[in-house]
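Below is one structure, written out as structure tokens; the observations come after it.
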Amino acid sequence: MPLKPLHVAIVGAGIGGLAAALRLAFQGVKVTVFEQHGTAGGKMRIVPSDAGPIDAGPTVLTIKPVFETLFSDVGLCLEDHLTLIPQDILARHFWPDGTTLDLMQDPEVSRANVQAAFGTKAARDFDSFSNRARQLYDAFDAPMMQSSEPSQADLTRLVLKNPKLIPAMDPLRSLSRSLNRKFSEPRLAQLFARYATYVGGVPDASPALLSLIWNAENQGVWHVKGGMHQLALSIASCAKKFGAAFQYGAKVTRVEMKSDAVCAVHTEAARIPVDAVLFNGDPAALQCGLLSSAVIPAVPMQDPRSLSASVMSFAAKPDGIPLSAHNVFFADDPKREYAPLAKGQHQTDPTLYICAQDRFAGSAPVGLERFEIILNSPPIDPADPQVPAQLEKARQQCQTQILDRLKHFGLTFSPTPQPSAVTLPQDFNRMFPASGGSLYGRSPHGMMAAFKRPTARTAVTGLYLTGGGSHPGAGVPMATLSATHAVAAILSDLTSI
Numbered sequence: 001m002p003l004k005p006l007h008v009a010i011v012g013a014g015i016g017g018l019a020a021a022l023r024l025a026f027q028g029v030k031v032t033v034f035e036q037h038g039t040a041g042g043k044m045r046i047v048p049s050d051a052g053p054i055d056a057g058p059t060v061l062t063i064k065p066v067f068e069t070l071f072s073d074v075g076l077c078l079e080d081h082l083t084l085i086p087q088d089i090l091a092r093h094f095w096p097d098g099t100t101l102d103l104m105q106d107p108e109v110s111r112a113n114v115q116a117a118f119g120t121k122a123a124r125d126f127d128s129f130s131n132r133a134r135q136l137y138d139a140f141d142a143p144m145m146q147s148s149e150p151s152q153a154d155l156t157r158l159v160l161k162n163p164k165l166i167p168a169m170d171p172l173r174s175l176s177r178s179l180n181r182k183f184s185e186p187r188l189a190q191l192f193a194r195y196a197t198y199v200g201g202v203p204d205a206s207p208a209l210l211s212l213i214w215n216a217e218n219q220g221v222w223h224v225k226g227g228m229h230q231l232a233l234s235i236a237s238c239a240k241k242f243g244a245a246f247q248y249g250a251k252v253t254r255v256e257m258k259s260d261a262v263c264a265v266h267t268e269a270a271r272i273p274v275d276a277v278l279f280n281g282d283p284a285a286l287q288c289g290l291l292s293s294a295v296i297p298a299v300p301m302q303d304p305r306s307l308s309a310s311v312m313s314f315a316a317k318p319d320g321i322p323l324s325a326h327n328v329f330f331a332d333d334p335k336r337e338y339a340p341l342a343k344g345q346h347q348t349d350p351t352l353y354i355c356a357q358d359r360f361a362g363s364a365p366v367g368l369e370r371f372e373i374i375l376n377s378p379p380i381d382p383a384d385p386q387v388p389a390q391l392e393k394a395r396q397q398c399q400t401q402i403l404d405r406l407k408h409f410g411l412t413f414s415p416t417p418q419p420s421a422v423t424l425p426q427d428f429n430r431m432f433p434a435s436g437g438s439l440y441g442r443s444p445h446g447m448m449a450a451f452k453r454p455t456a457r458t459a460v461t462g463l464y465l466t467g468g469g470s471h472p473g474a475g476v477p478m479a480t481l482s483a484t485h486a487v488a489a490i491l492s493d494l495t496s497i
């Protein structure tokens, strides 16, 4: 008699869950994906507008080889399923004194722009920083990001074999302190310190090692035609063709255990026997007992938490500033801009990121354009009551702060975006339970933070993790890599059994 196929339930259709569904289904595993929302994507979400759907999460694709590998490993070609458009301008940066700087896909043009804006010494500093970032990325890609379970011992051996890494790592300094020492131009230090927020950290508490993020972006940035949500839809479609089943609007309420191992999942409508469960949500939800008290021991406490964000998504006509697709408007005081966040408070002098989603590839749109504005914000206590009147007041305050700040730079929008366009940390906490609105899982603060993030295997037999809350970390490429590690663990364990 033929063997009954293994059945894996995936809880959550974020990018990690989608990538895992594709890989598992290709291997002949019976896969059922349960998603409490009405569509795939997770934080890679869209909101409607008069100008069309707006990406209200990640806006571009980086580290393209991760996605090429995902598709090629299942016999497909990435470009057959998505149209990727390389971006010449990585980001346009604005300072309050009127200085602007475009960082480009062409490193030589970036260097020339740095020299034109800040002088020859700054350009040399930029070259040195880029070289260090590349050195760190090349050194730590395999033993950290590509490894399913990185260890401090492996890291130590790597550094002992390559002692030149030590000054590049600058292990005794935070990212901001390291950059302030290595850049003679404080505005460049401010620019690259912001990269800590890419993984939910503040520069004064994040390790200098995070400077390698610049190399990931410097490798290239691609716009996905139709928006980043198309990446999620495409992976889901491919997974379905290999036999994966998707149940939307299906909230998993309990993971059932038998003989100290996972045996089933429960939704509000049914009990589904399974051989394993892959959880694509914030690991804190397990620790809080949201999927039953039996799986609380699966992961350790996920404190401290990473940053959240307040996100404004709207359609309007901009006026006053020549925007690119990616724009950064810097705070007045780089020494104090993140200090409130470190105390769990809202910034008073923030840096703002604006994605002008109709300006990719140098397009010059006419009429209403789609915008996403991101303001870094502290996470909340998930246990705090969400009083509607307080939330409405917070939306109004956030809207006013963002628009007043941009007006200071000379940028206005017509019609004026309303408070209803703002998504707060409280909203993210509702969409992603037990997260506190934290968008990146555990905080990246501290040199050993990477080793405290949970890996694919949990302490509960048959329960696995994927997504930005697990190793190797936050961001679309990292969450996609986490699925690779999770699938390898599941197939290894279930085959052994």
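In this note's numbering, the protein residues as written are 1 to 497.
Quick reminder that beta carbons are idealized off the backbone N, C-alpha and C, glycines included.
Check whether residue i and residue j have beta carbons under 8 Å apart
i, j, result
"Ala264", "Val252", "no"
"Leu278", "Tyr464", "yes"
"Tyr400", "Gly320", "In the sequence as displayed, the identity of residue 400 is Thr instead of Tyr. No, they are not a contact pair."
"Trp222", "Leu84", "yes"
"Leu191", "His93", "yes"
"Arg442", "Ser306", "yes"
"Phe67", "Leu78", "yes"
"Val328", "Tyr353", "yes"
"Pro444", "Val199", "yes"
"Ser151", "Ala456", "no"
"Ser113", "Asp127", "Residue identity differs from the one stated: residue 113 is Asn in this sequence, not Ser. Contact flag unset, no."
"Leu82", "Gln230", "yes"
"Phe409", "Phe242", "no"
"Val487", "Leu24", "yes"
"Pro163", "Ala316", "no"
"Met228", "Gly38", "no"
Sequence-distant residues of its chain with Cβ nearer than 8 Å to residue i (five each side left out)
i, result
"Met1", "Because the pLDDT at Met1 is just 36, under 50, the model does not fix this residue reliably, and the point stays unresolved."
"Leu424", "Ser310, Ser377, Leu391, Ala394, Arg395, Cys398, Gly437"
"Asp154", "Pro143, Ser147"
"Pro107", "Ser130, Asn218"
"Pro350", "Ala331, Glu337, Leu375, Asn376, Gln401, Arg405"
Helix, strand or coil at residue i according to DSSP, with G and I counted as helix
i, result
"Asp83", "The identity of residue 83 in the sequence shown is Thr, whereas the question assumes Asp. Three-state DSSP puts Thr83 in coil, outside helix and strand."
"Trp95", "coil"
"His7", "strand"
"Glu185", "coil"
"Val366", "coil"
"Leu411", "coil"
"Arg359", "coil"
"Gln396", "helix"
"Ala244", "coil"
"Met312", "strand"
"Thr458", "coil"
"Ala126", "Looking at the sequence provided, one finds Phe at residue 126 rather than Ala. Phe126: helix per DSSP, three-state reduction."
"Pro318", "strand"
"Phe330", "coil"
"Pro58", "coil"
"Arg45", "coil"
"Arg453", "coil"
"Phe279", "strand"
"Pro2", "Because Pro2 carries a pLDDT of 43, less than 50, the predicted location of this residue cannot be relied on, and the following value inherits that uncertainty. The answer is coil: DSSP assigns Pro2 none of H, G, I, E or B."
"Ile63", "coil"
"Lys335", "coil"
Beta-carbon separation (whole angstroms), residue i vs residue j, contact threshold 8 Å
i, j, result
"Gln357", "Glu372", "7 Å"
"Ala261", "Thr466", "Their Cβ separation, rounded to whole angstroms, is 19 Å, which puts Ala261 and Thr466 out of contact at 8 Å."
"Leu503", "Leu188", "Past the edges of the chain, shown from 1 to 497, lies residue 503, and the structure says nothing about it."
"Ser174", "Ser206", "6 Å"
"Ser470", "Ser482", "5 Å"
"Gln247", "Thr32", "7 Å"
"Gln36", "Gly249", "7 Å"
Beta-carbon contacts of residue i that lie in its chain and below 6 Å, excluding the five residues immediately before and after
i, result
"Gly12", "Asn280, Gly281"
"Ala325", "Ala356, Arg359, Phe360"
"Leu6", "Val29, Asp275, Leu494"
"Thr484", "none"
"His266", "Thr253, Arg254"
"Ala245", "Thr32"
Residues of its chain near residue i, where Cβ-Cβ distance is below 7 Å and the 5 sequence neighbours each way are ignored
i, result
"Ile15", "Gly42, Met44, Ala232, Val476, Ala479, Thr480"
"Ile429", "Before going on, a small fix: residue 429 reads as Asn here, not Ile. Correct list, in chain order: Ile380, Pro382, Ser435, Gly436, Gly437."
"Ala489", "Ser148, Ala456, Arg457, Tyr464"
"Asp170", "Ser178, Ala208"
"Pro86", "Gln105, Gly220, Trp222"
Proximity test, Cβ basis, 8 Å: residue i and chain C
i, result
"Arg187", "The structure shown has no chain C; it contains just one protein chain."
request  = Inspect the CB distances between the stretch 56 to 74 and the stretch 469 to 485 and report whether three or more fall short of 8 Å.
outcome  = Counting Cβ pairs under 8 Å, three or more are found: they touch.
inquiry  = Counting beta carbon pairs with one atom in the stretch 15 to 25 and one in the stretch 224 to 242, are three or more of them shorter than 8 Å?
reply    = Output reads yes: the stretch 15 to 25 touches the stretch 224 to 242.
message = Across the stretch 47 to 58 and the stretch 290 to 297, are there enough close Cβ pairs to call them in contact, namely three or more that are closer than 8 Å?
response = No, because fewer than three Cβ pairs between the stretch 47 to 58 and the stretch 290 to 297 fall closer than 8 Å, the two stretches do not touch.
inquiry  = With three or more C-beta pairs closer than 8 Å as the rule, is the stretch 196 to 214 touching the stretch 106 to 124?
reply    = Counting Cβ pairs under 8 Å, fewer than three are found: no touch.
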